[in-house]
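What follows is one structure encoded as structure tokens, with my remarks underneath.
This is the structure we're talking about:
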């Protein structure tokens, strides 16, 4: 992550595309990363790119192993010693419902009636699919 003088903003750069150079030109004054933590700043910027945002409460501490993996999906905020908030984004409430199905833990929707509705629709579809049972393919 570095300040791009041409875009007048912070940008991320792929390490495999960087090449070390001997500094020959003018030096620069280091900039302070907003908030001081580059990982938190970058996660918040990535999450803000999605048009649909929501927050869910999770029954795990913010520093739990599962939550450390969730940081790539959004921002984790500590609520208390036993729970945290995941602020996450996606293209649509339906897309977010799909992503949240991968959590493998219970959660509570805090911020979005649209997400709650999308979760209800997904749950109903899954229940209908599960009720049909397993039917092996015929004709083989």
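In the numbering used here, the protein residues as written are 2 to 141. Think of the CB as a built atom: it goes at the ideal place given N, C-alpha and C, for glycine as much as any other residue.
- Counting along the chain, the unbroken beta strand (DSSP E) around residue 76 starts and ends at 75-81.
- In the DSSP assignment, residue 127 falls within the unbroken alpha helix (DSSP H) covering 114-132.
- Closest option to residue 100, judged by alpha-carbon separation, among 123, 78 and 82: 123.
- Ranked by Cα distance from residue 43, the first of 72, 67 and 63 is 72.
- Counting other Cβ atoms within 10 Å of its Cβ, residue 120 reaches 16 or more and is therefore classed as buried.
- For residue 53, the enclosing beta strand (DSSP E) has its first and last residue at 53-59.
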